[in-house]
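*Asks:*
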Amino acid sequence: MEKFYITTSIPYVNGPPHIGFALEIIQADVLARFNRRKGSAVFFLTGTDEHGLKIAKSAKDAGVSPREFTDSISGKFRDLAKKLDISNDDFIRTTDAIRHWPAVQTVWKQLKEHSDLEKRSYEGLYCAGCEAFMAEKDLAEGLCPIHKKAPEPVKEENWFFLLSKYGPALKEKLESGELRIVPESRKNEILELIKQGLQDVSFSRPKEKLQWGIPVPDDDTQVVYVWADALTNYISALGYPSGEKFKEYWPASVHAVGKDILRFHATIWPAMLLSLGLPLPKIIFVHGFITVEGQKMSKSLGNVIDPFSLIEKYGADAVRYFFLREVPAAEDGDFSFERFEQRYNADLASGLGNLVARVLKMGDMAFGETLPVPAGFSDKQFQSVADEARKGIDGALDNFQFGSALEKIWEVMRFCDKYIDEKKPWEQKDGSREVIGDLLFAIHELADFLEPFLPGAARKITIQLAGRDRAALFPRAV
RNA sequence: GCCGGCGUAGCUCAGUGGUAGAGCGGAAUCUUCAUAAGGUUAUGGUCGGAAGUUCGAUCCUUCCCGCCGGCACCA
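Residues in the first sequence are numbered consecutively from 126, following the numbering used here.
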């Protein structure tokens with residue numbers, strides 16, 4: 126059986142989820158659901174990244190323990206997935222000392238055995254106020270811009286991952302397509318980065334600076350730093366190194382990530398895997414950012430869109446639809462309430478919802494209590510429209526073109542509306558019952574097409590075809 | 001500074017070496033099974049600007065303008 130392992134990135138739980146992550150998890154969910162329908166064995170993973178100084182600080186500021194803090198925020202991400210009707214099979218947390226930690230420590234030991242970790246002393250400018258090293262470029266006239274103090278030169282020991290030596294191997298994997306990056310333009314960026322030379326990266330922090338993390342094996346002065354910790358989630362969740370799921374599902378078919386963290390997924394992570402002797406993920410799918418009314422989302426602008434209130438107001442399917450249809454899959458997209466409502470009214474209320482309502486009504490008129498949904502189309506033209514849509518959807522999703530996949534489905538709806546106008550089945554003349562039968566089957570097919578995208582609507586259509594529920598799928602938003 | 005992308009109807013975008021398409025919005029009209037929904041039709045673009053290659057360019061080349069992304073540098 127075909128295997129399909131898809132992951133989202135694991136967001137840092139420093140704050141509640143925003144719509145950027147909603148986009149990522151929705152896209153991943155479509156692919157997961159789509160592949161399940163094709164009969165593949167699918168494993169869909171998401172989770173949260175919960176260690177580090179920032180979390181420890183935020184917890185302290187909030188007057189709670191880091192554990193309480195991360196439990197709370199991680200719970201919000203889990204809740205978002207649930208509210209968005211996401212079909213993830215698992216949810217991994219980097220604070221999971223039973224599932225995640227042993228895998229990270231195993232990975233660590235193996236990297237070290239393969240001579241890819243090296244302890245070095247690192248010297249930099251350290252701001253005690255920020256509890257962080259500062260790059261020259263972050264300073265304002267030699268002072269920390271936040272604390273207005275000159276950071277002090279501090280020397281500390283770190284374990285470094287010898288990323289630099291993997292440049293040529295990574296280049297080869299990318300160029301050969303063994304590791305694909307979608308879209309292509311992002312691959313070129315990474316190749317450019319490699320060309321300029323990869324730097325070794327710090328993989329640990331001294332314990333006295335960072336306690337909220339995973340202890341480095343055989344060195345109790347150090348704690349694992351973010352990359353070795355977070356990236357490993359993709360295999361820790363599968364039970365690396367010996368878990369059944371790991372054997373079954375690795376390598377990942379798709380890592381869905383945002384453009385901001387592509388470089389880590391396209392350099393550090395595959396380099397770690399090469400060091401471990403593991404196969405590389407097949408595709409890294411990179412989505413863009415979402416702007417709001419043409420502007421960057423930011424707390425200071427006060428234009429942050431809360432996914433929960435959006436779902437509350439319009440429903441999960443409407444949110445899913447907007448992000449899949451209106452936001453270009455791999456580029457930046459814009460969110461505006463005007464656009465959102467336009468899409469909602471035109472495509473969901475007047476389009477899908479209205480079509481289902483009119484067909485069901487005609488079905489009720491022609492057949493009474495129980496609707497006989499045929500097993501196929503009697504009209505050949507109808508059949509070919511549906512076949513074409515199916516092909517179109519497959520092709521579009523193979524290329525991560527969610528919007529154009531949806532367009533194919535909407536073409537079927539347009540055909541249905543036209544067909545109704547042409548055949549006037551409400552006149553109940555000869556052949557009307559056959560026409561309505563085709564329409565009922567068309568709706569049944571639409572539910573099938575829509576399931577990966579709008580699982581809620583698909584469910585409702587199926588229920589309405591089988592029973593007496595006639596509630597509007599998408600009530601018009603005023 | 002280096003690398004890359006983009007600029008096509010009011011909006012979002014597709015597209016081809018032979019003088020352009022879709023959806024949405026707006027207009028007219030037909031219709032009533034339907035969520036003031038649906039159908040049809042018309043309108044709507046000198047395909048960023050200039051030059052070149054070509055029998056012919058929106059699609060190829062060069063330059064220019066504008067926008068965007070990545071990297072580096074500076075602050």
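Every residue, glycine too, gets a C-beta built ideally from N, C-alpha and C.
Let me know if Ala441 comes out buried or exposed under the rule of 16 or more other beta-carbons within 10 Å of its beta-carbon.
*Replies:* Counting from one through the first sequence, the residue named residue 441 turns up at place 316. That one is buried.
*Asks:* Any chance you could list the beta strand (DSSP E) runs of at least 3 consecutive residues sitting entirely within the region 285–373, in chain order?
*Replies:* Those beta strand (DSSP E) runs which fall completely within the region 285–373 and span 3+ residues are 305–307, 329–331, 347–349.
*Asks:* If you draw a straight line from the C-alpha of Ser183 to the C-alpha of Lys334, how long is it?
*Replies:* Translated into positions along the first sequence, residue 183 becomes position 58. Translated into positions along the first sequence, residue 334 becomes position 209. About 15 Å.
*Asks:* What span of residues does the beta strand (DSSP E) with Val417 cover, start to end?
*Replies:* Locating residue 417 in the first sequence gives position 292, counting from the first residue. Looking at the DSSP string, the run of the beta strand (DSSP E) that includes Val417 is 415–417.
*Asks:* Rounded to whole angstroms, what is the Cα-Cα separation between Pro404 and Ala396?
*Replies:* By one-based count along the first sequence, residue 404 stands at place 279. By one-based count along the first sequence, residue 396 stands at place 271. If I take the Cα positions, the gap works out to 11 Å.
*Asks:* I'd like to know if the region 487–496 and the region 553–561 are in contact, where contact means that at least 3 CB-CB pairs between them fall below 8 Å.
*Replies:* At 8 Å Cβ cutoff, the stretches touch.
*Asks:* Decide if Met538 is buried, meaning its Cβ has at least 16 other Cβ atoms within 10 Å, or exposed.
*Replies:* Stepping through the first sequence from its first residue, residue 538 is reached at position 413. Buried, by the Cβ-count rule.
*Asks:* So, for Ala583: in the same chain, excluding its five sequence neighbours on each side, which residues have a beta-carbon less than 6 Å away from its beta-carbon?
*Replies:* Residue 583 sits at position 458 when you count from the first residue of the first sequence. If we look at Ala583 and ignore the five residues flanking it on each side, its Cβ neighbours are Ala572, Leu575, Glu576.
*Asks:* Contact check, Asn428 vs Val417 under 8 Å by CB: the rounded distance?
*Replies:* Counting from one through the first sequence, the residue named residue 428 turns up at place 303. Counting from one through the first sequence, the residue named residue 417 turns up at place 292. Indeed they touch by this definition, with Cβ atoms about 4 Å apart.
*Asks:* Buried or exposed: which applies to Asp210, given that a residue is buried once 16 or more other Cβ atoms fall within 10 Å of its Cβ?
*Replies:* Walking along the first sequence from the start, residue 210 turns up at place 85. Answer is buried; the Cβ neighbour count reaches 16.
*Asks:* Could you tell me if Val349 is buried or exposed, where buried requires 16 or more neighbouring beta carbons within 10 angstroms of its beta carbon?
*Replies:* Translated into the one-based positions of the first sequence, residue 349 becomes position 224. Buried: at least 16 other Cβ atoms inside 10 Å.
*Asks:* Tell me the rounded alpha-carbon separation between His225 and Glu369.
*Replies:* Residue mapping note: residue 225 aligns to position 100 of the first sequence, counting from 1. Residue mapping note: residue 369 aligns to position 244 of the first sequence, counting from 1. Taking the straight line joining both Cα atoms gives about 15 Å.
*Asks:* In three-state terms, what does DSSP make of Asp73?
*Replies:* Residue 73 lies beyond the range of the chain shown here (126 to 603); nothing can be said about it.
*Asks:* With the cut-off set at 8 Å, would you say Ser212 and Ala147 are in Cβ contact?
*Replies:* Taking the first sequence and counting its residues from 1, the one referred to as residue 212 is at position 87. Taking the first sequence and counting its residues from 1, the one referred to as residue 147 is at position 22. Not in contact: Ser212 and Ala147 (Cβ atoms no closer than 8 Å).
*Asks:* At which residues does the beta strand (DSSP E) containing Arg218 begin and terminate?
*Replies:* As a working note, residue 218 is residue 93 in the first sequence. Note, Arg218: beta strand (DSSP E), 215–218.
*Asks:* Can you give me the Cβ contacts of Ala591 inside the same chain, cut-off strictly under 7 Å, excluding the 5 residues immediately before and after it?
*Replies:* Counting from 1 along the first sequence, the entry for residue 591 is found at position 466. No residues qualify anywhere along the chain.
*Asks:* Looking at the structure shown, is Ile393 part of a helix, part of a strand, or coil, going by DSSP?
*Replies:* The residue labelled residue 393 in the question sits at position 268 within the first sequence. Helix.
*Asks:* Measuring CB to CB, does Ile386 end up less than 8 Å from Val229?
*Replies:* As a position in the first sequence, residue 386 is number 261, starting the count at 1. As a position in the first sequence, residue 229 is number 104, starting the count at 1. It is not a contact, given that the beta carbons lie outside the stated cut-off.
*Asks:* Around the C-beta of His239, are 16 or more other C-beta atoms found within 10 angstroms, so that it is buried, or is it exposed?
*Replies:* By 1-based counting over the first sequence, the position of residue 239 is 114. Exposed, because fewer than 16 other Cβ atoms sit within 10 Å of the Cβ of His239.
*Asks:* Would you list the residues sitting across from Pro278 in a DSSP beta bridge?
*Replies:* As a working mapping, residue 278 is identified with position 153 in the first sequence. Pro278 is bridged to Leu250.
*Asks:* Mind checking whether Ile131 and Ser378 have CB atoms under 8 Å apart?
*Replies:* In the first sequence, counting from the first residue as 1, residue 131 sits at position 6. In the first sequence, counting from the first residue as 1, residue 378 sits at position 253. Their beta carbons are under 8 Å apart, which means Ile131 touches Ser378 by this criterion.
*Asks:* If you drop the 5 nearest sequence neighbours on each side, which residues of the same chain put their C-beta closer than 6 Å to that of Asp215?
*Replies:* What you label residue 215 is simply residue 90 of the first sequence in a count that begins at 1. So the list reads Leu170, Ala362, once near-sequence residues are dropped.
*Asks:* Quick test of the definition: if touching needs 3 or more C-beta pairs under 8 Å, does the region 447–455 touch the region 467–476?
*Replies:* The answer is yes - the region 467–476 touches the region 447–455, with three or more Cβ pairs under 8 Å.
*Asks:* Secondary structure at Arg593, three-state DSSP: helix, strand or coil?
*Replies:* Along the first sequence, one-based indexing puts residue 593 at 468. DSSP places Arg593 in coil when its eight states are reduced to three.
*Asks:* On a CA-only basis, which of Lys320, Arg245, Ala294, Glu532 is nearest Phe285? Give me that one, please.
*Replies:* Along the first sequence, read from residue 1 onward, the residue named residue 285 stands at position 160. The residue with the shortest Cα to Cα distance from Phe285 is Arg245.
*Asks:* Name the residue from Leu565, Ile217, Val279 whose alpha carbon lies nearest to the alpha carbon of Ile360.
*Replies:* Taking the first residue of the first sequence as 1, we reach residue 360 at position 235. Considering only alpha carbons, the answer is Ile217.
*Asks:* Since I believe Phe566 is in contact with Val498 (beta carbons under 8 Å), could you give me their beta-carbon distance rounded to a whole number of angstroms?
*Replies:* Walking along the first sequence from the start, residue 498 turns up at place 373. Walking along the first sequence from the start, residue 566 turns up at place 441. That belief holds up - the Cβ atoms of Val498 and Phe566 are roughly 6 Å apart, short of 8 Å.
*Asks:* Since Thr173 sits in a beta bridge, which residues does DSSP pair it with?
*Replies:* Position 48 of the first sequence holds residue 173. Paired residue(s): Arg218.
*Asks:* Hey, out of Ile315, Gly140, Leu399, His176, whose CA is closest to Asp241's CA?
*Replies:* Against the first sequence, residue 241 aligns to sequence position 116. The residue with the shortest Cα to Cα distance from Asp241 is Leu399.
*Asks:* With a 10 Å radius around its C-beta and 16 neighbouring C-beta atoms as the bar for buried, classify Gly172 as buried or exposed.
*Replies:* To locate residue 172, count along the first sequence from 1; it is residue 47. The residue is buried, with at least 16 neighbouring Cβ atoms inside 10 Å.
*Asks:* In the DSSP assignment, find the unbroken alpha helix (DSSP H) run with Ala454 in it and report its ends.
*Replies:* Against the first sequence, residue 454 aligns to sequence position 329. Run containing Ala454: none; DSSP gives neither H nor E here.
*Asks:* Note down, in chain order, each residue of its chain lying with its Cβ closer than 7 Å to the Cβ of Gly419, except the 5 sequence neighbours on either side.
*Replies:* In the first sequence, residue 419 corresponds to position 294, counting from 1. Closer than 7 Å at Cβ, skipping near neighbours: Asp459.
*Asks:* Just confirm the distance between the C-beta atoms of Tyr247 and Glu277, as a whole number of angstroms; I'd bet it's less than 8 Å.
*Replies:* Position 122 of the first sequence, counting from 1, holds the residue named residue 247. Position 152 of the first sequence, counting from 1, holds the residue named residue 277. Contact flag wrong, Cβ pair sits at about 14 Å.
*Asks:* Name, in chain order, the residues that DSSP records as bridge partners for Tyr439.
*Replies:* Start at 1 with the first residue of the first sequence, and residue 439 comes out as number 314. Its beta-bridge partners do not exist; DSSP assigns none.
*Asks:* Excluding sequence positions up to five away, which residues of its chain have a Cβ less than 8 Å from the Cβ of Lys384?
*Replies:* The sequence position of residue 384 within the first sequence is 259, counting from 1. Once the five neighbours on either side are set aside, the close Cβ partners of Lys384 are Arg311, Val411, His412, Gly413, Phe414.
*Asks:* Please state whether the Cβ-Cβ distance between Pro432 and Leu288 is less than 8 Å.
*Replies:* The sequence position of residue 432 within the first sequence is 307, counting from 1. The sequence position of residue 288 within the first sequence is 163, counting from 1. Result no, Cβ atoms of Pro432 and Leu288 do not sit closer than 8 Å.
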